[in-house]
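Participant:
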Amino acid sequence: MAAPLPGAALIFPMKKFAFAIHGGAGTILKSAMTPEKEMAYRDALHKALKLGADLLEKGGSATEAVEAAVVEMENSALFNAGYGSVFTHDKSHELDASIMEGKGRKAGAVAGVKRIKNPISLCRKIMERSEHVFLIGEGAEAFATEEGEELVSESYFSTEARKQQLLKIRDSMKTQLDHSDDQLKKFGTVGAVAMDSKGNLAAATSTGGITNKRYSRVGDTAIIGSGTYAENGVCAISSTGWGEYFIRAVAAYEVAALMKYGKMTLEEASNQLVHQVIPEMGGDGGIIAVDSFGNIAMPFNTEGMYRAKVDSENAPEVSIYK
Ligand code: ASP
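All residue numbers for the sequence shown refer to the working numbering, where the first residue is 611 and numbers rise by one.
1. Note down, in chain order, each residue of its chain lying with its Cβ closer than 7 angstroms to the Cβ of His742, except the 5 sequence neighbours on either side.
2. Taking the Cβ atom as the reference point for each residue, do Ala804 and Ser848 lie within a distance shorter than 8 angstroms?
3. The beta strand (DSSP E) that contains Ser708, what's its start and end?
4. The ligand ASP and Asp664: does any heavy atom of the ligand fall closer than 7 angstroms to the residue's C-beta?
5. Need the endpoints of the alpha helix (DSSP H) that Pro729 sits in, please.
6. Expressed to the nearest angstrom, what Euclidean distance is found between the alpha-carbon atoms of Thr815 and Ala675?
7. Glu923 by DSSP, collapsed to three states: which one?
8. Is Ser782 helix, strand or coil by DSSP?
9. Report yes if the C-beta of Ile906 is less than 7 angstroms from at least one heavy atom of the ligand ASP; otherwise report no.
10. Which residue comes first and which comes last in the alpha helix (DSSP H) that contains Val681?
11. Note down the Cα distance separating Ala861 from Phe689, rounded to an integer number of angstroms.
12. Would you check if the distance between the CB atom of Ala658 and the CB atom of Ala672 is smaller than 8 angstroms?
13. If I measure Cβ to Cβ from Lys625 and keep anything under 8 angstroms in the same chain, skipping five residues before and after, which residues do I get?
14. Here's the rule: buried if 16 or more other CB atoms are within 10 angstroms of the residue's CB, otherwise exposed. What is Asp792?
15. Measure the C-alpha to C-alpha separation of Thr912 and Arg725 and round it to an integer number of angstroms.
16. Locate the alpha helix (DSSP H) running through Tyr593, then write down its first and last residues.
17. Just verifying my parser: in three-state terms, what is the DSSP assignment at Val928?
18. Would you call Leu777 buried or exposed, if buried means 16 or more other Cβ atoms sit within 10 Å of its Cβ?
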């Protein structure tokens with residue numbers, strides 16, 4: 611490439627797309643992982659990443675990409691979202707999810723749904739086809755039925771591994787973040803963030819919440835500004851971690867505010883949230899973030915976070931540990 615003329619402005623080529631996903635953060639230690647299990651997680655992350663990236667490569671929208679990747683992870687038993695969601699105290703499942711697109715700051719969210727196969731797709735329908743943003747429980751399921759969204763029986767979400775997690779702590783009054791026993795503590799929520807070829811941003815997050823939850827507990831995943839946020843020209847964020855803290859920190863919006871008003875870069879703002887704000891309050895977890903230049907940040911303050919990223923200039927990277 612020819613050297614730029616003296617005095618000429620350096621123009622950085624705009625990335626055509628950028629895409630990142632997570633499958634939850636927590637005490638994910640290599641010592642507690644079998645090679646088979648690690649390979650299964652890496653394959654699942656790679657598959658979900660590729661689905662979204664292929665769409666973006668072909669000119670698909672950021673919204674399409676984040677929905678496709680999250681649906682893929684909702685359908686995998688490895689993650690605490692959709693099929694394979696954790697159990698509530700009442701031995702059922704209550705799923706939370708939300709999606710947001712940066713253009714026009716449109717959003718859709720659901721909480722406490724029990725029969726929606728892919729909660730993230732219902733969120734997109736709420737965003738695009740209803741005049742509302744946030745639907746809960748039976749009402750959300752009624753809207754899903756009207757819109758032809760796939761409903762399943764409650765037992766569809768159950769797996770033996772998740773049942774055992776509940777049985778271990780059910781008699782205590784404690785709740786538990788996914789695999790949060792001494793061996794392997796992790797938050798298995800899934801999420802995706804994208805910048806598409808038009809510079810539009812989008813974010814999506816989906817979860818079964820926390821094991822042994824009661825009283826219709828809702829976490830950050832369903833809450834726009836905490837678990838999910840996207841604003842064109844600023845950033846798109848998807849969170850995972852101890853939801854109560856992410857709600858109180860208004861976590862995803864905090865990153866956007868630090869960029870907008872605090873003039874921080876994506877990386878500085880993401881680090882401030884994850885390494886300062888959340889731990890100072892006593893919480894833990896991580897986020898994935900993308901800005902409108904296609905920069906990606908994926909900080910976490912736990913032992914590991916299932917994560918993957920790719921952009922139009924760089925090859926896919928799948929990571930688990932610190
Ligand atoms: N943030 C989720 C919740 O509190 C848990 C997770 O990230 O796995 O419901």
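Think of the CB as a built atom: it goes at the ideal place given N, C-alpha and C, for glycine as much as any other residue. For clarity, every value in this text was computed on a predicted model and none was experimentally measured.
Facilitator: Based on what the coordinates show:
1. For this step, residue 742 is matched to residue 132 along the sequence shown. Here the set comprises Ile736.
2. In the sequence shown, counting from the first residue as 1, residue 804 sits at position 194. In the sequence shown, counting from the first residue as 1, residue 848 sits at position 238. The Cβ-Cβ distance between Ala804 and Ser848 does not fall below 8 angstroms.
3. The residue you call residue 708 lines up with position 98 of the sequence shown. Ser708 -> beta strand (DSSP E) spans 705-711.
4. As a working note, residue 664 is residue 54 in the sequence shown. Result no, Cβ not under 7 angstroms from the ligand ASP.
5. Locating residue 729 in the sequence shown gives position 119, where the first residue counts as 1. From DSSP, the alpha helix (DSSP H) with Pro729 extends over 729-739.
6. Mapped onto the sequence shown, residue 815 falls at position 205. Mapped onto the sequence shown, residue 675 falls at position 65. In a straight line, the C-alpha of Thr815 is about 13 angstroms away from that of Ala675.
7. On the sequence shown, position 313 is the one that residue 923 refers to. Per DSSP, reduced to three states, the secondary structure at Glu923 is coil, with no helix or strand assignment.
8. Residue mapping note: residue 782 aligns to position 172 of the sequence shown, counting from 1. Here Ser782 sits in coil by DSSP.
9. Locating residue 906 in the sequence shown gives position 296, where the first residue counts as 1. Not so, every heavy atom of the ligand ASP lies at least 7 angstroms from the Cβ.
10. In the sequence shown, the residue the question calls residue 681 occupies position 71. Taken as a continuous stretch (DSSP letters only), the alpha helix (DSSP H) holding Val681 covers 672-684.
11. Along the sequence shown, one-based indexing puts residue 861 at 251. Along the sequence shown, one-based indexing puts residue 689 at 79. Their Cα atoms are separated by approximately 22 angstroms.
12. Mapped onto the sequence shown, residue 658 falls at position 48. Mapped onto the sequence shown, residue 672 falls at position 62. Against a cut-off of 8 angstroms, the Cβ pair of Ala672 and Ala658 comes out as no contact.
13. To locate residue 625, count along the sequence shown from 1; it is residue 15. So the list reads Met805, Phe903, Gly904, Asp921, Ser922, Glu923, once near-sequence residues are dropped.
14. In the sequence shown, counting from the first residue as 1, residue 792 sits at position 182. In this prediction, Asp792 scores a pLDDT of 41, lower than 50, which makes its location untrustworthy; the coordinate-derived value is nonetheless stated afterwards. So Asp792 counts as exposed.
15. Counting from one through the sequence shown, the residue named residue 912 turns up at place 302. Counting from one through the sequence shown, the residue named residue 725 turns up at place 115. Going by the C-alpha atoms only, they are around 32 angstroms apart.
16. The chain is shown only over 611 to 932; residue 593 falls outside these bounds and no answer can be derived.
17. Against the sequence shown, residue 928 aligns to sequence position 318. Three-state result, Val928: strand.
18. On the sequence shown, position 167 is the one that residue 777 refers to. Exposed is the call here.
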